[in-house]
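Visitor:
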Amino acid sequence: NAGVTQTPKFRVLKTGQSMTLLCAQDMNHEYMYWYRQDPGMGLRLIHYSVGEGTTAKGEVPDGYNVSRLKKQNFLLGLESAAPSQTSVYFCASSADKYEQYFGPGTRLTVT
Amino acid sequence: GDSVTQMEGPVTLSEEAFLTINCTYTATGYPSLFWYVQYPGEGLQLLLKATKADDKGSNKGFEATYRKETTSFHLEKGSVQVSDSAVYFCALSYSNYQLIWGAGTKLIIKP
Chain A
852 NAGVTQTPKF RVLKTGQSMT LLCAQDMNHE YMYWYRQDPG MGLRLIHYSV
902 GEGTTAKGEV PDGYNVSRLK KQNFLLGLES AAPSQTSVYF CASSADKYEQ
952 YFGPGTRLTV T
Chain B
30 GDSVTQMEGP VTLSEEAFLT INCTYTATGY PSLFWYVQYP GEGLQLLLKA
80 TKADDKGSNK GFEATYRKET TSFHLEKGSV QVSDSAVYFC ALSYSNYQLI
130 WGAGTKLIIK P
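Line by line, the protein sequences give chains A and B. When we follow the working numbering, the leftmost residue of the first sequence carries the number 852, and every step to the right adds one. When we follow the working numbering, the leftmost residue of the second sequence carries the number 30, and every step to the right adds one.
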């Protein structure tokens, strides 16, 4: 049981480049989330999904897109990266309202 | 809107000291309350939770009591260890499966 995995672990992009972060969970959870973590600001929700084929905006969705084509995968895309998107990105999944399971994170630097 | 406020860190203690990390919340309804912990280089994991007023959550020697009258959920531990060094996040949630997070409190335990 791998839990929640994220790929890649680290990435450096130049301004304007695009990339996709992959999140996979093997717990059959309906709910999945993408967060960003910045120093002193805690976690901020970017987008989330309540089931396969559905997505919704969170607190800070601008500049990001997501897709949930399969129940176990949740993709986060940056179409044109900006330095303000330098952050640590966490994916999480949940089966109920009491606990979210987190991946190890992706550290993204945009120069 | 709903929010969570934690004491600013870092909090630095000696091994075997008593720990309190303050958390207060603002909520329009009756949320569930959580403490998550993030060890260095890892994702977050649930430490403990309480789902209604006067409930006490406990795990690994940590405790927190859901106090509706003071809108608080302070984290305590009687004797901390170096291995408790981490960032601690307080959060609240309603039935919509989304968590509202505090900014996190970094705890440093010195031997």
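Even glycine gets a Cβ: it sits at the ideal position worked out from N, Cα and C. It should be emphasised that the depicted structure is a prediction, and the values quoted were computed from it without experimental measurement.
Give me the Cα-Cα distance between residue 903 of chain A and residue 100 of chain B, rounded to the nearest whole angstrom.
Guide: Translated into positions along the first sequence, residue 903 of chain A becomes position 52. Translated into positions along the second sequence, residue 100 of chain B becomes position 71. Cα-Cα distance, rounded: 36 Å.
Visitor: In chain order, which continuous runs of the beta strand (DSSP E) of length 3 or greater are located wholly inside the stretch 872–897 of chain A?
Guide: 882–888
Visitor: Evaluate residue 867 of chain A with the Cβ neighbour count: other Cβ atoms within 10 Å of its Cβ, from every protein chain shown; 16 or more gives buried, anything less gives exposed.
Guide: Against the first sequence, residue 867 of chain A aligns to sequence position 16. Looking at its Cβ environment, which holds fewer than 16 other Cβ atoms inside 10 Å, residue 867 of chain A is exposed.
Visitor: According to DSSP, what are the bridge partners of residue 922 of chain A?
Guide: As a working mapping, residue 922 of chain A is identified with position 71 in the first sequence. Partner(s): none; residue 922 of chain A has no beta bridge.
Visitor: Can you confirm whether residue 927 of chain A, when its beta carbon is compared against all beta carbons of chain B, has any partner nearer than 7 Å?
Guide: Numbered from its first residue, the first sequence carries residue 927 of chain A at position 76. Residue-level contact by beta carbon fails for residue 927 of chain A and chain B, as no gap is shorter than 7 Å.
Visitor: Under the three-state reduction of DSSP, which class applies to residue 936 of chain A: helix, strand or coil?
Guide: By 1-based counting over the first sequence, the position of residue 936 of chain A is 85. If DSSP states are grouped into helix, strand and coil, residue 936 of chain A belongs with the helices.
Visitor: Would you call the stretch 38–46 of chain B and the stretch 871–886 of chain A in contact, with 3 or more CB pairs under 8 Å?
Guide: no
Visitor: What in chain B is Cβ-close to residue 954 of chain A, meaning under 7 Å?
Guide: To locate residue 954 of chain A, count along the first sequence from 1; it is residue 103. Here the neighbours are 72.
Visitor: Helix, strand or coil, according to DSSP, for residue 111 of chain B in the structure here?
Guide: Counted from its first residue, the second sequence places residue 111 of chain B at position 82. It is helical.
Visitor: Three or more beta-carbon pairs under 8 Å between the stretch 58–68 of chain B and the stretch 118–137 of chain B, yes or no?
Guide: yes
Visitor: Quick one: using the 10 Å Cβ neighbour count with 16 as the cut-off for buried, is residue 935 of chain A buried or exposed?
Guide: Sequence index remark: in the first sequence, residue 935 of chain A carries index 84 (1-based). With fewer than 16 other Cβ atoms within 10 Å, it is exposed.
Visitor: How far does the beta strand (DSSP E) with residue 931 of chain A in it reach, from first residue to last?
Guide: As a position in the first sequence, residue 931 of chain A is number 80, starting the count at 1. Run containing residue 931 of chain A: none; DSSP gives neither H nor E here.
Visitor: What residues of chain A sit near residue 118 of chain B, judged by a beta carbon separation below 8 Å?
Guide: Counting from 1 along the second sequence, the entry for residue 118 of chain B is found at position 89. Within chain A, the residues near residue 118 of chain B are 893 and 894.
Visitor: Measure the C-alpha to C-alpha separation of residue 892 of chain A and residue 108 of chain B and round it to an integer number of angstroms.
Guide: Against the first sequence, residue 892 of chain A aligns to sequence position 41. Against the second sequence, residue 108 of chain B aligns to sequence position 79. Approximately 28 Å, taken between the alpha carbons.
Visitor: Look at the Cβ atom of residue 939 of chain A, then the Cβ atom of residue 928 of chain A, and state whether they are nearer than 7 Å.
Guide: By one-based count along the first sequence, residue 939 of chain A stands at place 88. By one-based count along the first sequence, residue 928 of chain A stands at place 77. Result no, Cβ atoms of residue 939 of chain A and residue 928 of chain A do not sit closer than 7 Å.
Visitor: Mind checking if residue 81 of chain B is an interface residue toward chain A, Cβ cutoff 7 Å exclusive?
Guide: Along the second sequence, read from residue 1 onward, the residue named residue 81 of chain B stands at position 52. Closer than 7 Å: no.
Visitor: Starting from residue 957 of chain A, follow the beta strand (DSSP E) in both directions and report where the run begins and ends.
Guide: Your numbering for residue 957 of chain A matches position 106 in the first sequence. 957–961 is the extent of the beta strand (DSSP E) around residue 957 of chain A.
Visitor: Do the stretch 910–917 of chain A and the stretch 31–40 of chain B make contact, defined as three or more Cβ pairs closer than 8 Å?
Guide: no
Visitor: How many Å lie between residue 78 of chain B and residue 50 of chain B at the Cα?
Guide: Position 49 of the second sequence holds residue 78 of chain B. Position 21 of the second sequence holds residue 50 of chain B. When rounded, the distance between both Cα atoms is 15 Å.
Visitor: Tell me the rounded alpha-carbon separation between residue 85 of chain B and residue 116 of chain B.
Guide: Locating residue 85 of chain B in the second sequence gives position 56, counting from the first residue. Locating residue 116 of chain B in the second sequence gives position 87, counting from the first residue. Using only the alpha carbons, I get a separation of about 21 Å.
Visitor: Could you have a look at residue 947 of chain A and say whether DSSP puts it in helix, strand or coil?
Guide: In the first sequence, counting from the first residue as 1, residue 947 of chain A sits at position 96. If DSSP states are grouped into helix, strand and coil, residue 947 of chain A belongs with the strands.
Visitor: For residue 869 of chain A, which residues of its own chain have a beta-carbon under 8 Å away from its beta-carbon, when the five flanking residues on both sides are left out?
Guide: Along the first sequence, one-based indexing puts residue 869 of chain A at 18. So the list reads 928, 929, 930, 931 and 932, once near-sequence residues are dropped.
Visitor: Quick one: using the 10 Å Cβ neighbour count with 16 as the cut-off for buried, is residue 121 of chain B buried or exposed?
Guide: As a working mapping, residue 121 of chain B is identified with position 92 in the second sequence. With 16 or more Cβ atoms within 10 Å of its Cβ, residue 121 of chain B is classed as buried.
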